[in-house]
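Visitor: Once you've had a glance at the structure underneath, I'll fire off some questions.
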Ligand code: ZN
């Protein structure tokens, strides 16, 4: 059995736990626990917003979510003997929702998918879906169903959205400099190009006083992935996966959370996973000097696990580099990755999600707002977003495909097309 090294009481905020976690990346966040190389450990996690999203039928909590306190992470875990230049070897042994509990926190028997509003969070498709939407999913083993997307049963691939090691002071300074430079190119953009450090809502584990103030002033926000790992959101980062994280500070200071019941490739609505709290079991080890030995300096390496639902039927959408809203030809542009989602949505509607459509149509709003259920499904169904650049670099196209699979509706779609 793994040793439970970080516990969470799901009835309380992360701020009120016996040992609180943190929501910034900073080398001075005190370790919550010390473990040894070769040890198997269990880490309990809060859902990434620290429980702001409720099991109800309104998306107002997604619309109004306070992102200043996200992501809420468990840790840091100090690994004995880890030194800068080493590789931290992390094997995922198991993970899942909160075991043996039902309750009000995401992960206690249920999770949610959110489409974040353009004005708060944003996403890949806010030009088409600017408003907030939500679907609640009820868990049953590896499967889940949603009262907000009737007729659909989804098989998940559980994985953590976010884990990583702490940055060194020098690396943190580089992050802040380059992200501020990016923001300066378009400081008023909505959604923002990047999020600078923010003192509001900072949580630095057990840090207090000047240490906590410094974490608020300089600590990196948790949204992007960086050289330490971070918010990688890879759907196959599941049981059986092995990750090699660069170590930038003594003890590695390993942290994370943002557990997902499942997601497609890319969280294209900002929160396109099925979000939950829960537990994750790791085996941790070290490769001394591994960063130089294996040349792993800027990007952690992931070996995906073998655990994946087996699908016998799926369909793909062939992408073309054209924006059909304006009938504009594009050059080597990934627009088709946005364009195939509306194509998916049209197909879902044609193939049996009409009940969802009618329900959605009842409310006022422009035409493009009418089909959030189909989008909520599309973001999960995107099993593979594949790019295929033209090999000669000629012409104007990047071809690609979005794959729909893993759904009981997939069979209905296929049979409908055959008929
Ligand atoms: Zn997430």
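Numbering (the working numbering), first residue to last: 541 to 959. Ideal placement from N, C-alpha and C gives every residue a C-beta, glycine not left out.
#1: Counting only the same chain and skipping the five closest in sequence on each side, list residues whose C-beta sits under 7 Å from that of residue 639.
#2: Assign residue 826 to one of three DSSP states: helix, strand, or coil.
#3: For residue 558, collect the residues of the same chain with a Cβ closer than 6 Å to its Cβ; drop the 5 residues on either side in sequence, then sort them by chain order.
#4: Just the Cα atoms here: how many angstroms apart are residue 668 and residue 688?
#5: Using 7 Å as the threshold, is the C-beta distance between residue 788 and residue 708 below it?
#6: Which two residues bound the contiguous beta strand (DSSP E) that contains residue 675?
#7: Please name the residue, chosen from 847, 634 and 666, that lies closest to residue 732 on a Cα-to-Cα basis.
#8: Mind checking whether residue 784 and residue 841 have CB atoms under 7 Å apart?
#9: What I want to know is whether the C-beta of residue 798 ends up closer than 6 Å to one or more non-hydrogen atoms of the ligand ZN.
#10: Does the region 758 to 776 come into contact with the region 594 to 603, if we say contact requires no fewer than three beta-carbon pairs (one atom in each stretch) closer than 8 Å?
#11: So what does DSSP say about residue 766, is it helix, strand or coil?
#12: Once you ignore the five residues that flank residue 634 on each side, which residues in its own chain have a CB closer than 7 Å to its CB?
#13: Return helix, strand or coil for residue 844, following the three-state DSSP convention.
#14: So, residue 619 versus residue 792, is the Cβ gap smaller than 7 Å?
#15: Use the C-beta contact count for residue 621: other C-beta atoms within 10 angstroms, 16 or more gives buried, fewer gives exposed.
#16: Roughly how many angstroms lie between the CA atoms of residue 606 and residue 589, to the nearest whole one?
#17: Which word fits residue 761, buried or exposed, when buried means at least 16 other C-beta atoms lie within 10 angstroms of its C-beta?
#18: Would you say the beta carbon of residue 813 is closer than 6 Å to some non-hydrogen atom of the ligand ZN?
#19: From 583, 615, 676 and 627, pick the residue whose C-alpha is nearest to that of residue 541; which is it?
#20: With residue 701 and residue 572 assumed to form a contact (beta carbons below 8 Å), what rounded beta-carbon distance in angstroms separates them?
#21: Just list the residues that DSSP pairs residue 622 with in beta bridges.
#22: Which stretch, first to last residue, makes up the alpha helix (DSSP H) that contains residue 749?
#23: Does any heavy atom of the ligand ZN sit closer than 6 Å to the C-beta of residue 744?
#24: Is residue 591 near the ligand ZN - that is, is its Cβ less than 6 Å away from at least one heavy atom of it?
#25: DSSP beta-bridge partners for residue 565?
#26: By the DSSP assignment, the alpha helix (DSSP H) with residue 689 in it spans what residues?
#27: Consider the C-beta atom of residue 588 and the heavy atoms of the ligand ZN; say whether any pair is separated by less than 6 Å.
#28: What residue from 886, 681, 679 and 659 has the CA that sits closest to residue 672's CA?
#29: Taking 6 Å as the cut-off, does the CB of residue 701 come closer than this to any heavy atom belonging to the ligand ZN?
#30: Output needed for residue 594: all residues of its chain with C-beta closer than 6 Å, excluding positions within five of it in sequence on either side, in chain order.
#31: Could you give the C-beta distance for residue 565 and residue 712, rounded to a whole number, given that I count them as a contact under 8 Å?
#32: Using C-beta distances below 7 Å, list every residue in its chain close to residue 555, excluding the 5 sequence neighbours before and after it, in chain order.
#33: Just the C-alpha distance for residue 816 and residue 800, rounded to the nearest angstrom, thanks.
#34: Is it buried or exposed, residue 680, if we count other Cβ atoms within 10 angstroms and call 16 or more buried?
#35: Consult DSSP for residue 709 and reduce its assignment to one of helix, strand or coil.
#36: What are the residues that DSSP puts in a beta bridge with residue 715?
Guide: Well, looking at it:
#1: 819
#2: strand
#3: none
#4: 20 Å
#5: yes
#6: 673 to 680
#7: The residue among 847, 634 and 666 with its C-alpha nearest the C-alpha of residue 732 is 666.
#8: yes
#9: yes
#10: no
#11: strand
#12: 779 and 821
#13: coil
#14: yes
#15: exposed
#16: Taking the straight line from one Cα to the other gives about 8 Å.
#17: Residue 761 comes out buried.
#18: yes
#19: Out of 583, 615, 676 and 627, 583 has the C-alpha closest to the C-alpha of residue 541.
#20: The pair is not a contact, with the Cβ atoms about 20 Å apart (cut-off 8 Å).
#21: Paired residue(s): none; residue 622 is not in a bridge.
#22: Its alpha helix (DSSP H) spans residues 749 to 758.
#23: no
#24: no
#25: 760
#26: Note, residue 689: premise wrong, no alpha helix (DSSP H); not H, not E.
#27: yes
#28: Nearest C-alpha to residue 672 among 886, 681, 679 and 659: 659.
#29: At least one heavy atom of the ligand ZN sits closer than 6 Å to the Cβ of residue 701.
#30: 601
#31: Their Cβ separation, rounded to whole angstroms, is 7 Å, which keeps residue 565 and residue 712 in contact under 8 Å.
#32: 743
#33: In this structure, the CA atom of residue 816 is about 6 Å from the CA atom of residue 800.
#34: The Cβ neighbour count for residue 680, taken over all protein chains shown within 10 Å, is under 16; the residue is labelled exposed.
#35: In the structure shown, residue 709 sits in a helix (DSSP, three-state: H, G or I).
#36: None, per the DSSP bridge assignment.
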